[in-house]
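> If you read the sequence shown in our numbering, its first letter stands for residue 330, the second for the next number, and so on.
All C-beta atoms in this analysis are idealised placements derived from N, C-alpha and C, irrespective of residue type, glycine included.
Have a look at the structure that comes next, please.
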Amino acid sequence: MLLLGIPGPAEAATARVPHAPDARAGDALTVTLHVDADAPAGGDGSIAAPVRSIAAAQTALRAQDGIWTRSRLGRQHREAAVNIDVRIAAGTYDRQHTRWIVTSPGNRVRFVPEKYDGAVVAATARPRFDGRGVRYAWLNIDVVDVRDEYPDVTRFDVRYLDVERYPDGLVVDGGYRVKPDGEHSVAYGDATPATAVVTGMRFERIGTKYVPDVSESDALHHGFGAVVLTNTRGVVISHNVFARIENVPSRGSHVHGVYAIYSKEVVVRSNAFWVSSGDSVKVRSSSSALVVGNTFSRAGVHAWMNNWFCDAACAARIAMLPECPSTITRKDNRGDLEGYVRGTTIRRMAWLGPRHEAPAGCAGT
Numbered sequence: 330m331l332l333l334g335i336p337g338p339a340e341a342a343t344a345r346v347p348h349a350p351d352a353r354a355g356d357a358l359t360v361t362l363h364v365d366a367d368a369p370a371g372g373d374g375s376i377a378a379p380v381r382s383i384a385a386a387q388t389a390l391r392a393q394d395g396i397w398t399r400s401r402l403g404r405q406h407r408e409a410a411v412n413i414d415v416r417i418a419a420g421t422y423d424r425q426h427t428r429w430i431v432t433s434p435g436n437r438v439r440f441v442p443e444k445y446d447g448a449v450v451a452a453t454a455r456p457r458f459d460g461r462g463v464r465y466a467w468l469n470i471d472v473v474d475v476r477d478e479y480p481d482v483t484r485f486d487v488r489y490l491d492v493e494r495y496p497d498g499l500v501v502d503g504g505y506r507v508k509p510d511g512e513h514s515v516a517y518g519d520a521t522p523a524t525a526v527v528t529g530m531r532f533e534r535i536g537t538k539y540v541p542d543v544s545e546s547d548a549l550h551h552g553f554g555a556v557v558l559t560n561t562r563g564v565v566i567s568h569n570v571f572a573r574i575e576n577v578p579s580r581g582s583h584v585h586g587v588y589a590i591y592s593k594e595v596v597v598r599s600n601a602f603w604v605s606s607g608d609s610v611k612v613r614s615s616s617s618a619l620v621v622g623n624t625f626s627r628a629g630v631h632a633w634m635n636n637w638f639c640d641a642a643c644a645a646r647i648a649m650l651p652e653c654p655s656t657i658t659r660k661d662n663r664g665d666l667e668g669y670v671r672g673t674t675i676r677r678m679a680w681l682g683p684r685h686e687a688p689a690g691c692a693g694t
């Protein structure tokens with residue numbers, strides 16, 4: 330059950346004010362799939378016969394004819410030529426997790442409440458996804474291997490849903506392969522960066538603290554974040570609540586509210602971050618982010634925001650390729666500087682200190 334009475338930061342983020350505009354739809358028609366946790370089995374996703382899960386909606390979508398441009402990777406990934414709406418009825422969806430692999434270059438794919446009409450959706454009318462400690466992300470949008478001949482990417486849009494008790498929340502994976510480039514690593518290959526709008530969401534109790542079968546010694550499994558971005562461009566994350574984002578103590582610092590990797594032009598605006606065992610916003614691997622107008626409370630172990638990179642000494646110490654630093658532009662963020670651990674003090678921004686140098690080949694070096 331979602332926590333009540335969260336103080337000022339969360340109240341600010343859930344005020345009934347305009348949130349991020351809808352991702353732009355393409356000129357194509359829109360195919361709508363309907364989801365209802367209480368629907369009878371065997372539905373086809375129509376409004377008269379909804380399916381019970383987002384995963385089932387994807388299966389019903391893939392069964393439709395006349396909307397596809399091509400299949401890839403042995404028909405595993407399919408590309409559509411329509412806008413796609415997944416409309417989700419209010420109710421509780423237990424232990425559901427989905428790997429979404431349908432794209433529609435130049436068009437929009439939305440995951441929204443059933444009655445969403447462009448206005449803010451009241452908390453009482455929002456669907457609630459309760460992972461109950463499953464060991465998977467709630468929704469993994471996997472757009473790996475979108476080829477360069479499709480310069481128009483799929484615009485994903487996720488809004489006004491409540492997500493709790495998962496190791497990870499929303500993962501937007503644009504796909505990458507890493508190669509050494511001089512003395513640092515870069516993303517490269519056929520993948521086109523993914524993009525998304527994430528707004529009006531409530532992510533609560535995310536991380537392995539809320540996965541019952543994860544022990545302190547389970548070093549290979551820990552949550553990374555409520556929103557995890559890999560190889561994206563122009564993602565907007567606004568007016569969301571991130572509350573109790575926590576791993577088990579031995580991996581506490583590894584989980585974040587927003588975690589961006591190889592991602593450009595990320596906008597993190599007007600969100601509330603409340604209680605996080607890792608720094609609330611972390612960027613790495615040549616990412617760039619604008620972080621503006623957010624509120625923070627007990628929101629990290631080092632700082633509210635963390636610009637992480639790995640110089641040659643770091644790479645030798647932990648046996649990995651060096652990584653270039655990222656850029657974070659900050660403005661009008663507020664909150665307290667008490668750390669996740671009561672009685673500790675954190676900073677607004679953390680990065681490797683001046684004794685470290687960015688690897689050769691990074692921008693500005």
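Grab the span of the beta strand (DSSP E) containing residue 646 for me, first residue to last.
If you number the sequence shown from 1, residue 646 lands on position 317. Run containing residue 646: none in the beta strand (DSSP E); it sits in the alpha helix (DSSP H), 641-647.
> Using 8 Å as the cut-off, can you tell me whether the segment 629-638 makes contact with the segment 669-683, which would need three or more C-beta pairs spanning the two stretches below that distance?
yes
> What does DSSP give as the partner residues of residue 636 in its beta bridges?
By one-based count along the sequence shown, residue 636 stands at place 307. BP columns for residue 636 point to 612 and 680.
> Provide the residue span of the beta strand (DSSP E) that contains residue 525, from first to last.
For the purposes of this step, residue 525 is taken as residue 196 along the sequence shown, with counting starting at 1. Note, residue 525: beta strand (DSSP E), 524-528.
> If I'm right that residue 503 touches residue 561 with Cβ under 8 Å, what's the distance once you round it to whole angstroms?
Position 174 of the sequence shown, counted from the first residue, corresponds to residue 503. Position 232 of the sequence shown, counted from the first residue, corresponds to residue 561. Right, their Cβ atoms sit about 5 Å apart.
> Measuring only the C-alpha atoms, how far is residue 592 from residue 617?
In the sequence shown, counting from the first residue as 1, residue 592 sits at position 263. In the sequence shown, counting from the first residue as 1, residue 617 sits at position 288. For residue 592 and residue 617, the distance between alpha carbons rounds to 7 Å.
> Checking 8 Å against the spacing of the C-beta atoms, do residue 538 and residue 575 come in under that value?
The residue you call residue 538 lines up with position 209 of the sequence shown. The residue you call residue 575 lines up with position 246 of the sequence shown. Using a Cβ distance threshold of 8 Å, residue 538 and residue 575 count as a contacting pair.
> What did DSSP end up calling residue 280 once you bin it into helix, strand or coil?
The requested residue 280 is not part of the displayed model; the chain covers only 330 to 694.
> Does the contact criterion of 3 or more C-beta pairs under 8 Å hold for the segment 641-648 versus the segment 594-609?
no
> For the candidate residues 615, 449 and 624, whose alpha-carbon lies nearest to that of residue 639?
Here the question's residue 639 lines up with position 310 in the sequence shown. Among 615, 449 and 624, the Cα nearest to that of residue 639 is on 615.
> Nearest to residue 463 by CA position, among 418, 552, 445 and 429, is which residue?
Position 134 of the sequence shown holds residue 463. For residue 463, the nearest C-alpha among the options comes from 552.
> Spatial neighbours of residue 676 within its chain, please: CB distance less than 6 Å, with the 5 preceding and 5 following residues excluded, ordered by chain position.
In the sequence shown, counting from the first residue as 1, residue 676 sits at position 347. Excluding sequence positions up to five before and after residue 676, its CB lies within less than 6 Å of the CB of 632, all in the same chain and listed in chain order.
> Ordered along the chain, which non-local residues of its own chain (more than five positions away) have a Cβ less than 8 Å from that of residue 274?
Because the chain spans 330 through 694 in this model, residue 274 falls outside it and cannot be assessed.
> Return helix, strand or coil for residue 581, following the three-state DSSP convention.
Taking the sequence shown and counting its residues from 1, the one referred to as residue 581 is at position 252. Three-state result, residue 581: helix.
> Could you tell me whether any non-hydrogen atom of the ligand MG is closer than 7 Å to the CB of residue 635?
Looking for the ligand MG in the displayed structure turns up nothing, as the structure carries no ligands at all.
> Excluding the 5 residues flanking residue 391 on each side, which residues of the same chain have their C-beta closer than 8 Å to its C-beta?
On the sequence shown, residue 391 is found 62 positions in, with the first residue counted as 1. So the qualifying residues of the chain are 407 and 431.
> Inspect the CB distances between the segment 482-501 and the segment 433-444 and report whether three or more fall short of 8 Å.
yes
> Sorted by chain position, which residues of the same chain lie with C-beta nearer than 6 Å to residue 726's C-beta, five sequence neighbours on each side aside?
Any question about residue 726 goes unanswered here, given that the chain covers just 330 to 694.
> By Cβ distance, which residues of its chain are closer than 7 Å to residue 377, with the 5 residues on each side in sequence left out?
The count along the sequence shown starts at 1 and reaches residue 377 at position 48. Same-chain partners within the cutoff: there are none.
> Excluding the 5 residues flanking residue 501 on each side, which residues of the same chain have their C-beta closer than 6 Å to its C-beta?
Start at 1 with the first residue of the sequence shown, and residue 501 comes out as number 172. Around residue 501: 470, 523, 525, 558 and 561.
> Hey, residue 355 and residue 435: beta-carbon distance below 8 Å or not?
As a working mapping, residue 355 is identified with position 26 in the sequence shown. As a working mapping, residue 435 is identified with position 106 in the sequence shown. Yes.
> Just how far apart, CA to CA, sit residue 386 and residue 583?
Within the sequence shown, residue 386 is the residue found at index 57, counting from 1. Within the sequence shown, residue 583 is the residue found at index 254, counting from 1. So the two alpha carbons sit approximately 32 Å from each other.
> Based on the DSSP secondary-structure assignment, which residues constitute the bridge partners of residue 442?
Looking up residue 442 in the sequence shown gives position 113. According to DSSP, which records beta bridges pairwise, residue 442 is partnered with 417.
> According to DSSP, which residues form a beta bridge with residue 470?
By one-based count along the sequence shown, residue 470 stands at place 141. Residue 470 is bridged to 429 and 501.
> Give the DSSP bridge partners of residue 489, in chain order.
As a working mapping, residue 489 is identified with position 160 in the sequence shown. Looking at the DSSP assignment, residue 489 forms no beta bridge with any residue, so it has no partner.
> In three-state DSSP terms, what is residue 410?
The residue you call residue 410 lines up with position 81 of the sequence shown. Coil at residue 410, not helix or strand.
> Output the boundary residues of the beta strand (DSSP E) element that contains residue 533.
Stepping through the sequence shown from its first residue, residue 533 is reached at position 204. 531-535 is the span of the beta strand (DSSP E), which, as asked, contains residue 533.
> Given this structure, state the Cα-to-Cα distance separating residue 636 from residue 594, to the nearest angstrom.
One-based indexing of the sequence shown puts residue 636 at position 307. One-based indexing of the sequence shown puts residue 594 at position 265. Each residue's Cα considered, the two are about 14 Å apart.
> Spell out whether any CB of chain C is found under 8 Å from the CB atom of residue 501.
No chain C appears in this structure, which consists of one protein chain only.
> On the criterion of 16 or more Cβ atoms from any shown chain inside 10 Å, does residue 353 qualify as buried, or is it exposed?
Taking the first residue of the sequence shown as 1, we reach residue 353 at position 24. Label assigned to residue 353: exposed.
> Below 6 Å CB to CB, which residues in the same chain sit around residue 569 once its five sequence neighbours on both sides are set aside?
One-based indexing of the sequence shown puts residue 569 at position 240. These residues qualify, in order along the chain: 530 and 600.
> Which residue from 499, 424 and 364 puts its Cα closest to that of residue 418?
Here residue 418 is taken as the residue at index 89 of the sequence shown, counted from 1. Among 499, 424 and 364, the Cα nearest to that of residue 418 is on 364.
> In or out: residue 360 buried (at least 16 other Cβ within 10 Å) or exposed?
For the purposes of this step, residue 360 is taken as residue 31 along the sequence shown, with counting starting at 1. Around the beta carbon of residue 360, 16 or more other beta carbons sit within 10 angstroms, so the residue counts as buried.
> Judging by CA-CA distance, which residue of 348, 453, 528 and 577 is the nearest neighbour of residue 535?
Taking the first residue of the sequence shown as 1, we reach residue 535 at position 206. Of the listed residues, the one whose Cα sits closest to residue 535 is 577.
> Using the C-alpha atoms, what's the distance from residue 428 back to residue 465?
Here residue 465 refers to the residue found at position 136 of the sequence shown. Here residue 428 refers to the residue found at position 99 of the sequence shown. Cα-Cα distance, rounded: 10 Å.
> Considering Cα atoms alone, identify which of 589, 414 and 667 is closest to residue 446.
For this step, residue 446 is matched to residue 117 along the sequence shown. Selected option, being the one with the closest Cα: 414.
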